[in-house]
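Heads up, the thing below is written out as structure tokens.
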Amino acid sequence: MKLLSAAQTREADAFTIKEEGMSSSDLMERAARAFVGWFENKFQPTQAVHIFCGPGNNGGDGLAVARLLQQRNYAVQVYLVGDNSKASADFKLNLERLPQEIPHQHLKEKQDITALPEGACVVDALFGTGLNRPVSGLYAEVINSLNGSNLTITAIDMPSGLYTDSQTPAEGAIVQANYTVSFQLPKLAFFLPQHEAFVGEWHIVPIGLSDSFIAAVETRLYFTTPQDVRHLLRPRKKFSHKGLYGHALLLSGGFGKMGAAVLAARACLRAGVGLLTIQVPATGYTVLQTAVPEAMTLADKHRRHLSELPKETDKFDVIGVGPGIGTERVTKTALGQLLATASQPLVVDADAINIIGSSDKLKGQLPPDKVIFTPHPKEFERLVGKSNNEYDRLYDMLDFCRVYRCYVVLKGNNTTIGTPDGKIFFNTTGNAGMATGGTGDVLTGIVTALVGQNYSLEEACLLGVYLHGLAGDLALKAVGEISMTASDVIDFLPQAFLKLQA
Ligand SMILES: NC(=O)C1=CN([C@@H]2O[C@H](COP(=O)(O)OP(=O)(O)OC[C@H]3O[C@@H](n4cnc5c(N)ncnc54)[C@H](OP(=O)(O)O)[C@@H]3O)[C@@H](O)[C@H]2O)[C@H](O)CC1
Ligand SMILES: [K+]
Numbered sequence: 001m002k003l004l005s006a007a008q009t010r011e012a013d014a015f016t017i018k019e020e021g022m023s024s025s026d027l028m029e030r031a032a033r034a035f036v037g038w039f040e041n042k043f044q045p046t047q048a049v050h051i052f053c054g055p056g057n058n059g060g061d062g063l064a065v066a067r068l069l070q071q072r073n074y075a076v077q078v079y080l081v082g083d084n085s086k087a088s089a090d091f092k093l094n095l096e097r098l099p100q101e102i103p104h105q106h107l108k109e110k111q112d113i114t115a116l117p118e119g120a121c122v123v124d125a126l127f128g129t130g131l132n133r134p135v136s137g138l139y140a141e142v143i144n145s146l147n148g149s150n151l152t153i154t155a156i157d158m159p160s161g162l163y164t165d166s167q168t169p170a171e172g173a174i175v176q177a178n179y180t181v182s183f184q185l186p187k188l189a190f191f192l193p194q195h196e197a198f199v200g201e202w203h204i205v206p207i208g209l210s211d212s213f214i215a216a217v218e219t220r221l222y223f224t225t226p227q228d229v230r231h232l233l234r235p236r237k238k239f240s241h242k243g244l245y246g247h248a249l250l251l252s253g254g255f256g257k258m259g260a261a262v263l264a265a266r267a268c269l270r271a272g273v274g275l276l277t278i279q280v281p282a283t284g285y286t287v288l289q290t291a292v293p294e295a296m297t298l299a300d301k302h303r304r305h306l307s308e309l310p311k312e313t314d315k316f317d318v319i320g321v322g323p324g325i326g327t328e329r330v331t332k333t334a335l336g337q338l339l340a341t342a343s344q345p346l347v348v349d350a351d352a353i354n355i356i357g358s359s360d361k362l363k364g365q366l367p368p369d370k371v372i373f374t375p376h377p378k379e380f381e382r383l384v385g386k387s388n389n390e391y392d393r394l395y396d397m398l399d400f401c402r403v404y405r406c407y408v409v410l411k412g413n414n415t416t417i418g419t420p421d422g423k424i425f426f427n428t429t430g431n432a433g434m435a436t437g438g439t440g441d442v443l444t445g446i447v448t449a450l451v452g453q454n455y456s457l458e459e460a461c462l463l464g465v466y467l468h469g470l471a472g473d474l475a476l477k478a479v480g481e482i483s484m485t486a487s488d489v490i491d492f493l494p495q496a497f498l499k500l501q502a
């Protein structure tokens, strides 16, 4: 699904209003109803609701929400903040529509801000996508007092003060919402880890924005939904044999890190590869043969480190390289050889990323349109460089993908995929339980298996990352986030495939 900028969202509003022949206040009413639908499921009418409204249409939404909640027997209190002389037309209309019985108070200066009763629910309708400068003055005072209140805050559309799609200047106050209920599509800001404390748990409510507008609008930003990835998954042919599903090679493992090779290999098999060969330093030979009997194992001539490529590398459909390999000189040399000679796609992880990141020569040898990097944030920094902020990191990632014509899978809460043709996809599966050693090796195995099965590199990234997160989400239900291990993620991979296929 596409992500729209604040400007595109405004265009989508205007287009929808015209297409459906309705007024902007009708769309606002629809948005308010959608919000209230979510709110009713979450909070009981026994809880008092305190709604803080700014001067724009976000504030207008707040006023419409106040009216609708009062009709549903919630005890509502409205606060109008700041100078309403410049308020939007739909704000004014909804202020007129506000029933007399709803108490509303105008906060004009700091002294007007009072403590809220314990247990109250706060609805933040100060600013939405129309915010155009950092929040200061009275608005900031209100926001700071709400943040300090310990009450549950639900933001309408955006946590007020947070820019929708660019870096919020440090000096601006921002609501720290527990929930953000946003209209139609999530906003770019929701996907950046630095915003977690502001956005809280986000939910999307549809408001019927024009499908044709959204289909036509140009963007390079996407987030992956089950619908997006489900159709990528190809069922197996009835008359199948293992040769149809690719022969993958994993170059992985090192002294004390054979587990990384085991995890990547097991995940690769569970993700459906036809044949798997693993090459490990000689001391790991017995470990791999025992732990992964389905795979063939080659012993590197070096006992402790990866130092050579197998003789016939051409016969493999894909090569995954990196988990547990270390950064010894012999390993660097072998990796250089691989980049210079590989004819098949490469999935590059862990120390293989660190080695390439530290060498312009190796970067220059990257075969175009053939490499997927799967860094965590630190490895990303070594590969691409340090970015000023998380927005710049996205654009730096795209530059890197464009220059080297490669794919980058930046692992994290919303794993982010960059493509050489300039697209960014945010994944929506996965959880904090997966922040544990070895889950990255599992991802390498999965993506390698998918490339081996002839999925395009973009498809392999999207599907692989999605399934990896989904397996983690299924594991979460069984073992919880504290106990989850990388092996649990592998164990739930079959269920993830089944769920996606259902
Ligand atoms: N399709 C949808 O998603 C729908 C969204 N709706 C809601 O509308 C808002 C966007 O409304 P908009 O009026 O464009 O913008 P805001 O309400 O967010 O804010 C604009 C007003 O705030 C002033 N402003 C902006 N920044 C600041 C600031 N830092 N300090 C003080 N005031 C600020 C601005 O005034 P200026 O002239 O002073 O710039 C505006 O008055 C969206 O988020 C949804 O909630 C609709 O309901 C329909 C569907
Ligand atoms: K808001």
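So the sequence shown is residues 1 to 502, counted in full-length UniProt numbering.
Just so it is clear, CB atoms sit at the ideal spot from N, CA and C, and this is done for glycine as well.
Distances from the CB of K187 to the heavy atoms of ligand 1 are all 7 Å or more. Using a cutoff of 7 Å, the CB of Q194 does not count as near ligand 1, since none of the ligand's heavy atoms is closer than that.
Counting only unbroken stretches of 4 or more residues, the alpha helix (DSSP H) elements lying wholly within the stretch 83-114 are 89-96, in sequence order. Every residue whose beta carbon comes nearer than 7 Å to a heavy atom of ligand 2 appears here in chain order: N58, D124, A125, L126, F127, G128, A155, I156, D157, M158, P159, S160 and V175.
Residue range V318 to V321 is occupied by the beta strand (DSSP E) that includes G320, with no alpha helix (DSSP H) assigned at that position. T297 sits in a strand when the DSSP states are folded into three classes. Excluding the 5 residues flanking it on each side, A64 has same chain C-beta neighbours closer than 7 Å at M28, E29, A32 and N94, in chain order.
Contact between G254 and G324 holds, since their C-beta atoms are separated by about 5 Å, short of 8 Å.
Going by C-alpha positions, Q111 is about 15 Å away from L146. For the set L463, F127 and D13, the Cα lying nearest the Cα of G272 is the one of L463. Take Y404, set aside five residues on each side of it, and the residues of its chain with a beta-carbon closer than 6 Å to its own are L366, in chain order. Beta-bridge pairing by DSSP links G418 to V408 and I424. Relative to ligand 1, R67 has its C-beta separated by 7 Å or more from all heavy atoms. A Cβ-Cβ contact shorter than 8 Å links G161 with F127. A residue is called buried once 16 or more other Cβ atoms fall within 10 Å of its Cβ, and Q194, having fewer, is exposed. Taken from the Cβ of D26, every heavy atom of ligand 1 lies 7 Å or farther away.
Between T180 and T428, the C-beta spacing is not below 8 Å. Given a length threshold of 3 residues, each whole run of the beta strand (DSSP E) inside the stretch 222-287 is given here in chain order: 247-251 and 275-281. If you ignore the 5 residues before and after E458, its C-beta comes within less than 6 Å of the C-beta of T419, all in its own chain and listed in chain order. Rounded to whole angstroms, the separation of the alpha carbons of G438 and L338 is 24 Å.
Judged by DSSP in its simplified three-state form, L383 adopts helix. Distance from F15 to F213 at the Cβ level is roughly 4 Å; contact confirmed, criterion being Cβ atoms closer than 8 Å. Proximity to L470 across T154, I446, F52 and A496 peaks at A496, based on C-alpha coordinates. Taken atom to atom, the span from the alpha-carbon of I446 to that of A264 is near 8 Å.
Within the same chain, T152, I153, T154, G200 and E201 come within 8 Å of N178 by CB-CB distance, once the 5 residues on both sides are set aside. Where S182 is concerned, there is no enclosing alpha helix (DSSP H), although the beta strand (DSSP E) around it starts and stops at Y179 to F183. V205 has its Cβ no nearer than 7 Å to any heavy atom of ligand 1. For K2, the shortest C-beta to heavy atom distance toward ligand 1 is 7 Å or greater. Across the structure, G246 and I417 are spaced so that their CA atoms are roughly 24 Å apart. Pairing D421 with S85, the inter-Cα distance amounts to about 47 Å. Within the chosen limit of 7 Å, ligand 1 does not reach the beta carbon of G208 with any heavy atom. The C-alpha of T129 is placed about 18 Å away from the C-alpha of E171. Per DSSP, the unbroken beta strand (DSSP E) holding E201 starts and ends at E201 to V205.
When rounded, the separation of the alpha-carbon atoms in E141 and N132 is 18 Å. Under the DSSP assignment, D441 falls in the alpha helix (DSSP H) whose first and last residues are T439 to G452.
The C-beta separation of G433 from L476 comes to about 5 Å, placing the pair in contact by the 8 Å criterion.
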